[in-house]
Each structure stands twice: as structure tokens, then as C-alpha cells.
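Accompanying notes for the structure given below.
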Amino acid sequence: MRMLIKEVLRLHPPNPMLVPRESREDCEIMGYHILKGTKIHVNAFAISRDPRYWYNPEAFNPERFENSNVDFKGTNFEFTPFGAGRRQCPAILFGTSSVEIALANLLYHFEWVLPDGENSHLLDMSETFGMGVRKKVELHLRATPYVYSGYI
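Numbered per our numbering, the sequence shown spans residues 12 to 163.
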């Protein structure tokens, strides 16, 4: 479950642009001269899909986090859905624990299917950008309560 949540956060960070930073001194980054006081915007969306850091970055592959130390606690800068350093979200543990519990309950208590026999391979997964990133076309699912059918 944690690998699934990490992969969703990698592909769809809650805030695609992290809180802006300001350089404290003149510096050079990747050949670019950055003056002191320059406002710097960190694009978490682009970093989380960068092929220099992720194999096949556009693919949904939760297994990439299996046997991996990459976590969203702000020390792995290729994966910062909640920011890093002093401006990191203070509620990471609460938020991710809440998502994990809610998702586990939804998966345990319901069967989930696409309506009218739609094919999952034909779903439009394109996104639209704003304050956050969301699906351009809404996803509709049909939930039916799971009924335990007895012992096998």
C-alpha cells in the first residue's frame, strides 16, 4: 500500500510547484549564475518525472519503491511531493497515515469497477494544471459493498 501511495505522489504531487525559495548568496548551478536574492521556484512535478532520476518516469510502477530507501521526508530531492527542509509540510505523517487508512478501508469494504464495462486501458489520464494537478477528465467508478461469501 505504501508503494502505491508513493507512486501516486510521485506522478501527481499535491503541489506541482513547491514554496519559492530565495538565494542567500551568489552561486552557480549547472552553469547558471544565480544572484543573491533571486527567487527560485522548484518544479516538483518535473523533477518527479525526470528520466535522470526515474527509470521509465511516465509509467505507473509502484514496484519502483520496493527495496528502495527513497522517501518523501525531504532528504531525497528527486522525490519531494511535500517539499523539503524548513518549508516542508509539517503534517506529512498525519496526511499519509490518513490516506493509508482511508484507502485500506475503501479497498477492504468495496469492489471497484468502471461503469458500463469501460476498458481501463482506454481511460484518458491527461492532466490539467492550476494550484494543483488534477485529471482533465473525471474518473467515474462504481463501488459495490463487498459481501463475504463464507469459507472456501
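Using N, Cα and C, we set each Cβ at its ideal position, and we do this for glycine too. Since we're looking at a predicted model, the values are computed, not measured.
Check whether the Cβ atoms of residue i and residue j sit closer than 8 Å, and answer yes or no.
i	j	result
F56	V144	yes
A154	W123	yes
F140	P25	no
I51	R21	no
H164	Y64	Because the chain is modelled from 12 through 163, residue 164 falls outside the range shown and cannot be assessed.
F76	M14	yes
Considering Cα atoms alone, identify which of the options is closest to residue i.
i	options	result
N72	S108, I16, S160 and F88	I16
Going along the chain, which residues of its own chain have a beta-carbon closer than 6 Å to the beta-carbon of residue i, five neighbours each way excluded?
i	result
T91	A55
T49	S34
L150	none
Rounded to whole angstroms, what is the Cα-Cα separation between residue i and residue j?
i	j	result
L117	Y159	15 Å
V81	I112	21 Å
E36	Y43	14 Å
M142	H23	12 Å
E129	N78	34 Å
Residues in the same chain with beta-carbon distance under 8 Å from residue i, minus the five sequence neighbours each way, listed in chain order, please.
i	result
S137	K146, K147 and V148
Only counting the same chain, and skipping five residues up and downstream in sequence, which positions put a Cβ closer than 7 Å to that of residue i?
i	result
Q99	G85 and F93
V30	G94 and R98
Problem set entry | 3-residue-minimum beta strand (DSSP E) runs that sit fully inside the stretch 25-91, ordered along the chain | Segments of the beta strand (DSSP E) lying fully in the stretch 25-91: 38-40 and 43-45.
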